[in-house]
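Numbers 13 to 282, taken from my numbering, label the letters of the sequence shown in order.
A virtual CB, placed ideally from N, CA and C, is assigned to each residue, including glycine.
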Amino acid sequence: MEFPDQIAKKAKIRDTMALIKNKFLVLSGKGGVGKSTVAVHLSVALSERGFLTGLLDIDLHGPSIPKMMGLSGQKIAAEGGLLKPLTYNENLRAVSMASILDDQETAVIWRGPRKGGAIRQLLGDVFWGPLDFLVIDAPPGTGDESLSIAQLIPDVRAIVVTTPQQVAIQDVRRSLQFLDKVSLVIVGVIENMSGLICPHCRQEIDLFKQGGGEALAREWGVPFLGKIPLDPNLVSEADAGRPYFKGHEGSAVVQAFNRIVDEVIRQSRL
Ligand SMILES: Nc1ncnc2c1ncn2[C@@H]1O[C@H](COP(=O)(O)OP(=O)(O)OP(=O)(O)O)[C@@H](O)[C@H]1O
Ligand SMILES: [Mg+2]
Ligand SMILES: [Zn+2]
């Protein structure tokens, strides 16, 4: 049985989502593979191509989006019961729990059953207005958060991030099984940290065996969106809160992201 306030909350989510043309959940069975990095760079690239984009960080335990975008410290205020996203640029807005609550409050909310309520609130109470894209950055694994998203946004589609190592591939295979079970459409698989760009000569070094992500995509019959090399510059830029595009246009990482963005746009309804 559903209570009237739950029905009202679901209606609010439906109304908010109805104004957004394409929704993506960036996820992976494994932590630290670059989900947030992919979510940020995909969002920034889409916004720079002129698309109205929203980036929603639902990682409640380790929200990293505000830091990567240079937005940490800014707080989101509720206006008339609605949350106004932070502005990154003219076309890109972002929301993270880290921008709404302080660390102590976050620790309390994210325990157990209140998680689902918090996700519903993030989906229903943020005023995005009309958007071309909403990119949702999931926490590692296929926990409550991803399940809530799958249930609350029927037309959300998944972008799966992996690294080439077998351990990651194993975990990511489990995410693909999860996506199958909840009938989520998969936009494709991205293999991140695929090869290393040498900081000295900028040549690519085949650090881990490459191609695991591509093989996995083939095995599941889903598109392979592309490989992104490991680039030490990306880490320092992320730590400085600067997404890695300006001044790095020719780099292998930026070129890889651009190809991925082309494919994502090709698969989108605009
Ligand atoms: N292609 C890359 N080259 C270099 N560093 C990278 C690359 N991708 C991600 N990183 C770095 O790896 C670290 C982990 O990345 P990120 O936070 O995006 O992973 P995540 O999957 O979101 O992690 P979590 O599971 O904790 O949410 C970060 O320091 C990030 O800057
Ligand atoms: Mg993350
Ligand atoms: Zn070198």
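In summary, Leu282 is exposed, with fewer than 16 beta-carbon neighbours lying within 10 Å of its beta-carbon over all protein chains present. Taken atom to atom, the span from the alpha-carbon of Asn270 to that of Asp17 is near 43 Å.
Looking at the DSSP output, Arg105 bridges to Gly66 and Thr99. Between Gly253 and the set Met80, Gly141 and Ser160, the nearest pair of CA atoms involves Met80. Here DSSP, grouped into helix, strand and coil, assigns Gly93 to coil. Counting only the Cα atoms, Ile25 lies some 13 Å from Leu95.
Here Val184 is near Lys42, since their CB atoms are less than 9 Å apart.
A direct Cα-to-Cα measurement between Ala90 and Gly224 gives close to 44 Å. When rounded, the separation of the alpha-carbon atoms in Lys33 and Gly66 is 11 Å.
With a beta-carbon spacing of about 5 Å, Leu37 and Ile148 fall inside the 8 Å limit used to define contacts. A heavy atom of ligand 1 is found nearer than 8 Å to the CB of Ser40. Within 8 Å of the C-beta of Lys35 there is not a single heavy atom belonging to ligand 2. In chain order, the residues with a C-beta atom nearer than 6 Å to some heavy atom of ligand 3 are Cys210, His212, Cys213 and Gln215. Distance from the CA of Val247 to the CA of Val50, rounded to the nearest whole angstrom, comes to 13 Å.
Counted as a single uninterrupted DSSP element, the stretch harbouring Phe145 is not any alpha helix (DSSP H) but the beta strand (DSSP E) occupying residues Leu143 to Asp149. Counting along the chain, the unbroken alpha helix (DSSP H) around Leu54 starts and ends at Lys47 to Glu60.
For Ala250, the CB contacts under 7 Å within the same chain, skipping 5 residues up- and downstream, are Thr49 and Met80 in chain order. Distances between the C-beta of Lys79 and the heavy atoms of ligand 2 are all 8 Å or more. Relative to the non-hydrogen atoms of ligand 2, the Cβ of Pro152 comes within a distance shorter than 8 Å of at least one.
If the five residues before and after Phe63 are omitted, its C-beta is found closer than 7 Å to the C-beta atoms of Asn103, Asp144 and Phe145, all from its own chain and listed in chain order. Here Ile171 carries a strand assignment [DSSP, helix/strand/coil]. The Cβ neighbour count for Pro166, taken over all protein chains shown within 10 Å, is under 16; the residue is labelled exposed.
The alpha helix (DSSP H) runs lying completely inside the region 237 to 281 and spanning 4 residues or more are 244 to 251 and 264 to 278, given in chain order. Bounds of the alpha helix (DSSP H) holding Leu134 are Arg126 to Asp137. Counted as a single uninterrupted DSSP element, the beta strand (DSSP E) harbouring Glu203 occupies residues Val197 to Ile209.
Here the distance from the Cβ of Gly74 to the nearest heavy atom of ligand 2 is below 8 Å. With respect to the 9 Å criterion, Ser40 and Ala229 are not classified as neighbours on the basis of their beta carbons.
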